[in-house]
Every structure is written in C-alpha cells, then in structure tokens.
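2 is the number of the first residue of the sequence shown in this note's numbering; add one for each residue after it.
All C-beta atoms in this analysis are idealised placements derived from N, C-alpha and C, irrespective of residue type, glycine included.
Below you'll find the structure, written out as structure tokens, and then a few comments.
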Amino acid sequence: MLTNVLLALVLSAAIALATGPKLIEWLRGHQMKTSENELGPKEHLKKRGTPIMGGLMIALGCIVSFVLCAAYTGAWVTTILPLLLVSLGSMAVGLADDWTKAVKHRSEGLTPWQKIIGLSVVCLGFSVWCYFTQGSKVLLPFANTEWDLGLWYIPLLALTVLFMTNSANLQDGIDGILSSVTSVGCMGWAVIAGLSAVTVYQHLNGGSFGIPMVKIPDDPDAARALQDNYSAIAIFAAALCGGCLGFLRYNRYPAKVFMGDTGSMFIGGAVVGMAMLLRQPFLLLLIGFTCCMSSVSVILQRYYYKTTRKIYGTPRRLFKMSPLHHHFEKCGMKETQIVLMYTVVTLVLTALAVISVIV
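If you want it as structure tokens, here you go:
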C-alpha cells in the first residue's frame, strides 16, 4: 500500500506540473480569466486578467493517479466510485460557475440558487450511496465510540458536503492559500486511512498493532474489503495532496493562475468524501478548521451587520472584511504571511486529528 500511496502523490504532482503551462496558455487564449470582484481588497484589482479554472490540473492529476494506483484494491463500489462522484460532481458545478464568469462576463457566475440546486443533487446522491454501502454510524474522535445517526445521516451528510464545498470556495481568496492547507490536511487524511488499513491487516495476520477507532468485522472477507477501502482512501488523499503541490507551483504568490470554483469545489467535495468514508466527519472541524472559519466569518459578519443596524440605526462590522483572510489583509499582513499562518495552523490541528484516532 505504501508504494501505491507514494506513487499516487508523485504521479499526481507530475501530471499537474506537466499540464500547467499548456493549460494556462489555453485558458489565456480562450479568455478564461477573472475580473476581480470590486468589493474585494483594492490590492486584488491588479489580479484582473489572471486565468481561472486552473483547478483542472489538480483534478486531472488527482483522478488519473488515484484510479491507476487504487484499481488493485477492487473497492470500486464502496470507495472509488463514491469519491469520484462527490469530487467530480462538485467540480462540475464549479466548472459551470467559472465558465459563466468567463464566457458570459458575469462576475458572480451562477446564481446562488443554481449552485445550491447543482450541489444538492451531488450531496444527496453521495449521501444515499454512503448510507446504503456503509451504514449510518459515524465515529467520535478521542472518545473511541460510534454514533448512529439513523436516517438523519443522509440530510446531515448532504449539508456537510454543501457547507464544506462552499467553505473551500470562500477560502480560495488569496494566492496559494487553499492548495497549501489542502496539501497539509491531505497528509493527515492519508496517515489516518493508512494506519486504519494497517490495523486491519495486522488483525487478519495475527499482528498486535492497531488503533482503537477501527471497528473490524468478524468475517475475514468483510475485513479484507474494509482494508481495501482504507487503502483506497489513503491513495486518494495522497493523490489530492500531490495535485495541490503541483498546482502550487503556478498558484503561489504572485499567482499565474487561479484554481477557480472548479478547483475549490473539487477540493471541498473530495475532502468531505474522505472524511465520510472514514466515518470521521468531526475531524473536518480540525483538519478543515481554516475552511470552516472562512464560512463562519462570513456568516458572523452578515448577521452582526444586520443586527447592529437594527439596534443602533447604523450598521457595524465585526471584521474589516470577510472572509477572515481578507480581514488579515486589511490589518496589514501580506498574502504570503497569511498563507504561512493558515498552513501552520492546519499542520498543528491535523497532527491533533491524527492523535485523536490513535489514543
């Protein structure tokens, strides 16, 4: 398994690096470029004309390397196809949004309702698939116990996918930030899935190593299938990490290309997919903390603005600008400093997430 995990990482990064120049050239030639929202920081106006839809190189590297390296597991129905469904389905909505922005010259792309409807189809499809293939139980970190959500599993999972895809989209607001935190977070998902696979392997072969969060079925065939599922998730995490690292070559400050909604929604769907197939949705609060805070800061800003307008007659803002990374920009921090801060925070919380499943 380790060989396939490393191969997926390297192959995905290589594909993203190799396709980058041609893709950027094609995007420029077809006028697939951004017109920075005038409500954003004024410093971002200089980024007008930067190509969008660069997330295609992340998706291409990730999916090709994942399918090639994970095919041996045979976990098509339980893991491989669901991951492809939620990641590519979410990406399709983002791709339509980017296409609308570039071709129809609408700065906002799809309408909010168009996005919600499109993502809802993906969310519900993935939720129902997971419900019927792995049940409705999720794991609680640190507690080493299961929580059966019953039929609530389907709507709650659908809302989680919807929240995280939009959170990833909101976080992709400065050069290199989302690809940096995603690559770090994916290392954590790969470690968790890899340790889970090793635990099942040790159990089947009389070994003593094991982490308590893994619930191994008594049937040997079912246990082997579970091992294959964990192996496939570890490979997918490595592939996504590699794709983000390769893309970062062109997206670091000053960015030559933006991933756009194409990339951010692909990442959001992919990350939720891994979390749910590992039955660890609560770890999203740790590994995906910075993404979650992007959405939370927007929500807090909006309601604080409306509430203070009702109370004082004059609206007030909780942050200088939302999402939160723009607040830090307004406070004088450079983009590279914000990316470094977010990456370090993600690294620390990812390490904590790994600890939570092995204690």
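Among the options, the one whose alpha carbon lies nearest that of residue i
i: residue 83; options: 222, 210, 270; result: 270
i: residue 182; options: 155, 338, 348; result: 348
i: residue 131; options: 146, 110, 158, 149; result: 158
i: residue 259; options: 111, 226, 59, 7; result: 59
i: residue 110; options: 153, 143, 164, 33; result: 33
i: residue 47; options: 195, 81, 257, 99; result: 257
i: residue 104; options: 28, 115, 210, 137; result: 28
i: residue 153; options: 169, 136, 239; result: 136
i: residue 357; options: 286, 296, 338, 49; result: 286
i: residue 93; options: 56, 81, 79; result: 56
i: residue 96; options: 115, 81, 78; result: 115
i: residue 24; options: 324, 248, 312, 209; result: 248
i: residue 12; options: 236, 296, 102; result: 236
i: residue 343; options: 179, 204, 26, 141; result: 179
i: residue 141; options: 281, 53, 305; result: 281
i: residue 118; options: 134, 139, 14, 162; result: 162
i: residue 251; options: 9, 225, 17; result: 17
i: residue 134; options: 299, 77, 53, 340; result: 77
i: residue 299; options: 155, 174, 26, 22; result: 174
i: residue 360; options: 144, 331, 155, 312; result: 144
i: residue 99; options: 160, 71, 138, 31; result: 31
i: residue 302; options: 288, 122, 277, 324; result: 324
i: residue 232; options: 333, 26, 81; result: 81
i: residue 277; options: 6, 7, 53, 139; result: 139
i: residue 65; options: 10, 309, 230; result: 10
i: residue 217; options: 334, 147, 184; result: 147
Whole-Å CB distance - residue i paired with residue j, under 8 Å assumed
i: residue 363; j: residue 320; result: Residue 363 cannot be examined here, being either before or after the span of the chain that is shown, 2 to 360.
i: residue 35; j: residue 51; result: 5 Å
i: residue 371; j: residue 241; result: Lying before the first or after the last residue shown, residue 371 is absent from the chain, which here runs from 2 to 360.
i: residue 73; j: residue 177; result: Incorrect: roughly 34 Å between the Cβ atoms, too far for contact.
i: residue 164; j: residue 296; result: 7 Å
i: residue 261; j: residue 127; result: Contact doesn't hold; Cβ gap of about 22 Å is too wide.
i: residue 166; j: residue 227; result: Going by Cβ atoms, the distance from residue 166 to residue 227 rounds to 27 Å, so no, they are not a contact pair.
Residues bridged to residue i (per DSSP)
i: residue 148; result: 139
i: residue 52; result: 34
Interface flag, residue i vs chain B, CB-CB below 7 Å
i: residue 69; result: This model lacks chain B altogether, as it is built from one protein chain only.
heavy atom of the ligand ADP below 6 Å from residue i C-beta
i: residue 115; result: By its list of ligands, the structure shown contains no ligand whatsoever, and the ligand ADP lies outside what it can speak to.
**Study point:** Touching by the beta-carbon criterion (3+ pairs, under 8 Å), the stretch 305 to 322 and the stretch 189 to 208
**Key:** Using a Cβ-Cβ distance cut-off of 8 Å, the stretch 305 to 322 and the stretch 189 to 208 are not in contact, since fewer than three pairs of beta carbons, one from each stretch, lie closer than that value.
Point to revise | Whole runs of the alpha helix (DSSP H) within the stretch 232 to 312, excluding any shorter than 4 residues | key: Listed in chain order, the complete alpha helix (DSSP H) runs (minimum 4 residues) inside the stretch 232 to 312 are 261 to 278, 285 to 288.
Check your understanding: Which whole runs of the alpha helix (DSSP H) in the stretch 72 to 146 are 4 residues long or more, in chain order?
Key -> Complete alpha helix (DSSP H) runs here, min 4: 82 to 104, 113 to 135.
**Study point:** beta strand (DSSP E) segments (min. 3 residues) lying fully within the stretch 162 to 242
**Key:** Given a length threshold of 3 residues, the stretch 162 to 242 has no whole run of the beta strand (DSSP E) inside it.
Review point. Is there contact here, the stretch 241 to 252 with the stretch 197 to 215, by at least three beta-carbon pairs under 8 Å?
Key: Too few Cβ pairs lie closer than 8 Å, so no.
Check your understanding: Would you call the stretch 286 to 299 and the stretch 211 to 218 touching, i.e. three or more CB-CB distances under 8 Å?
Key -> Contact fails: fewer than three Cβ-Cβ distances are below 8 Å.
Review point. Any contact of the stretch 266 to 282 with the stretch 75 to 91, i.e. 3+ C-beta pairs under 8 Å?
Key: Yes, since at least three Cβ pairs between the stretch 266 to 282 and the stretch 75 to 91 fall closer than 8 Å, the two stretches touch.
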